[in-house]
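Here is the structure we will look at, set down as structure tokens.
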Amino acid sequence: MFEVYTDGATTGNGKANAPGGWAYVILKDGSLVAQDSGGEIGTTNQRMELTAAINALDYVAEDLCPFDEVEVVTDSAYLHNCYKQKWYLSWQMNGWKNSKKQPVANEDLWRGLIPFFEKVPNGYDFVKVKGHAGNEWNEIVDKMAVRAKESVM
Numbered sequence: 002m003f004e005v006y007t008d009g010a011t012t013g014n015g016k017a018n019a020p021g022g023w024a025y026v027i028l029k030d031g032s033l034v035a036q037d038s039g040g041e042i043g044t045t046n047q048r049m050e051l052t053a054a055i056n057a058l059d060y061v062a063e064d065l066c067p068f069d070e071v072e073v074v075t076d077s078a079y080l081h082n083c084y085k086q087k088w089y090l091s092w093q094m095n096g097w098k099n100s101k102k103q104p105v106a107n108e109d110l111w112r113g114l115i116p117f118f119e120k121v122p123n124g125y126d127f128v129k130v131k132g133h134a135g136n137e138w139n140e141i142v143d144k145m146a147v148r149a150k151e152s153v154m
């Protein structure tokens, strides 16, 4: 069982040259096996949330066995709801247009993330937690993402 905690952080969300950071922590059977973070300039919180998930799941994919389960814990409703409500299936069928017939935001990152959903359809679970509410590992990845953001400021 892999537990993956991800988070993103930004200052001036979406404004030109807005710094952002992402972070993840991965536990396997309760033991810390990996952690990483990074930052970018000119980004949004949603992009950082997705970047954290892509990097974490890419790491997990290298060690994933056929019977492993992966639980992704996030405070991002955007990430959680896309997976749980399968928004991405509608986006793909509608030529990457959302329900308002507008281009899907962050399509480039979703295209990098969706293959993970499809590789292990029953092996992933996404769990939504409230941010800044005392979940130990969520708090840790939040601090890591903020530090990563500050490193590019």
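Under this note's numbering, the very last position in the sequence shown is 154; numbers go up by exactly one each time.
Positions of the beta carbon are idealized from the N, C-alpha and C atoms, including for glycine.
Taking 8 Å as the cut-off, the beta carbon of A19 is found closer than this to the beta carbon of T11. Within the segment 60–93, the complete alpha helix (DSSP H) runs of at least 4 residues fall at 78–85. Taking the Cα positions, N95 is about 10 Å away from P104. Annotation: the continuous beta strand (DSSP E) that includes A24 extends over 20–29. Under DSSP, F127 forms a beta bridge with V73. In terms of Cβ geometry, D8 and V142 form a close pair [threshold 8 Å].
A contact between stretches requires three or more CB pairs, one per stretch, nearer than 8 Å, and the segment 41–49 meets this requirement with the segment 102–120. A Cβ-Cβ contact shorter than 8 Å links G40 with K150.
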